[in-house]
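Below, the structure written as structure tokens:
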């Protein structure tokens, strides 16, 4: 259904001047605010260290409370009230952050925010403040460069943001009419994750596996924050469920975390698992199945009405090493392959070194738009993907010289 939009405000410049006046009116630096700001940055020399210290102080001492109704639905509360009450919404906490940054000698502006997929480019829309649903802070460093901070983003360091902040729209509030900006596009390394698995297989089919994982940034932050909110009983239940998921019916011998107690950064985890019947030994052979990729249900229809668009670049790398059991040899090993359809690609490589087989698998997703006319090719790609990526390594028990001689004599007698 088509509609009509109108605005009583003439331009975005008018919005910026109006909001700048409100922010300046409510930015009040009391002796208490100045004292805590100075204490927070004490001993900090680097520009970003000072900015980080102030953001951390707000995160640790204030809580978020929505203010979507009443006279302050758009106007931020005075910073002295927010400081006294120890709570506020996004614009309240952002303005308090600006006040404390000012004490530290750091210039900053409040910026209206909306993620990339919630609106079209607002600079082409009518001047309506409600197009934006969040407020952050644009900080300018001593070199004239700028970056955004969000007092609500716990666990994200300076210039780190959740994936959905990528390419988000902002409108920076200034005295001279404001400006539209976008948050940066995130590089592939931003969403990189890796898993290393080393499995020692015994001749009876039992196995000992060690798995080390480097978690993605967003998963690390989410897991860290969730675990901090659990009591001891809930944590134990979480670990039991995690053990059951990772052990695949085996016995967890060891598990540890790295960087779990840190405020920032990625998690690393390690787990050692023993499985008694990990692999079936049949007819002196062991089959190592290498899982294929599941069918994407989004691409099962015969036709598509819209283009295919994937929003970001990601990279997952898995390194799996199998230690071949004593008395066995590799009978067959799959061929390497590389498949790519533009927004999704997978590469798998095999390497045999004496009694070890190593599989390196890299899966990438790319920010790209594929026109609907190419959908038949995309559908065919995902139709074939499960069967073309399902592979297996075959190990066979090596025969002794005595067994080989018996076989030779049997052939001669025949």
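Residue numbers (my numbering): 19 to 432.
Note that the Cβ used here is the ideal one computed from N, Cα and C, for glycine as well.
At a cut-off of 3 residues, the continuous stretches assigned as beta strand (DSSP E) that sit fully inside the stretch 253-284 are 269-276.
Close CB contacts of residue 109 within its chain, under the 6 Å cut and outside five residues either way in sequence, are with 94, 153 (chain order). In the DSSP annotation of this structure, the continuous segment of the alpha helix (DSSP H) that includes residue 103 starts and ends at 97-103. Membership of residue 401 in the alpha helix (DSSP H) is indicated by the continuous run 393-407. The bridge partners DSSP lists for residue 346 are 415.
Taking 8 Å as the cut-off, the Cβ atoms of residue 357 and residue 364 count as close. Excluding the 5 residues flanking it on each side, residue 203 has same chain C-beta neighbours closer than 7 Å at 184, 185, in chain order. Partner residues in a beta bridge of residue 110, as assigned by DSSP, do not exist. Short of 6 Å from the beta carbon of residue 239, and not among the five residues preceding or following it, lie these beta carbons of its own chain, in chain order: 173. Taken through DSSP and simplified to helix, strand or coil, residue 134 comes out as coil. Excluding residues up to 5 positions away in sequence, 106, 110, 114 lie with their Cβ nearer than 6 Å to the Cβ of residue 100 in the same chain. Contact check for residue 224 against residue 295 passes: the beta carbons are separated by less than 8 Å. By the neighbour-count definition (other C-beta atoms within 10 Å, threshold 16), residue 127 is a buried residue.
Ranking 336, 302, 182 by CA distance to the CA of residue 328 puts 182 first. DSSP lists no beta-bridge partner residue for residue 223.
Ranking 156, 119, 192 by CA distance to the CA of residue 31 puts 192 first. For residue 370, the secondary structure class from DSSP, reduced to helix, strand or coil, is strand. DSSP places residue 336 inside the beta strand (DSSP E), whose first and last residues are 332-341. Residue environment analysis places residue 355 among the exposed positions, since fewer than 16 neighbouring C-beta atoms fall within 10 angstroms of its C-beta. DSSP places residue 66 inside the alpha helix (DSSP H), whose first and last residues are 65-79. According to DSSP, residue 83 shares a beta bridge with no other residue.
Shown here, residue 328 sits in a strand according to DSSP, grouped into three states.
In this structure, the alpha-carbon of residue 416 lies about 10 Å from that of residue 303. The beta carbon of residue 77 sits closer than 7 Å to the beta carbons of 169, 172 from its chain, once the five residues preceding and following it are set aside; these are given in chain order.
Annotation for residue 216: 228, 339 place their beta carbon closer than 6 Å to its own, counting only its chain and skipping 5 residues before and after. Spanning the alpha carbons of residue 306 and residue 405 requires a straight line of approximately 16 Å.
With the rule of 3 Cβ pairs closer than 8 Å, the stretch 375-395 does not count as touching the stretch 267-285. According to the DSSP assignment, residue 33 belongs to the alpha helix (DSSP H) that extends over 30-44. Contact between residue 226 and residue 132 is ruled out by a C-beta separation of about 51 Å, above the 8 Å threshold. In this structure, residue 284 places its C-beta atom within 8 Å of the C-beta atom of residue 235. Where residue 188 is concerned, there is no enclosing alpha helix (DSSP H), although the beta strand (DSSP E) around it starts and stops at 187-190. Residue state for residue 236 is assigned as helix, using DSSP reduced to three classes. Within the DSSP secondary-structure output, residue 361 pairs in no beta bridge. In the DSSP assignment, residue 91 forms no beta bridge with any residue. Separation of residue 34 and residue 324 (C-alpha to C-alpha, rounded to the nearest whole angstrom) is 36 Å. When secondary structure is reduced to three states using DSSP, residue 153 falls in the strand class.
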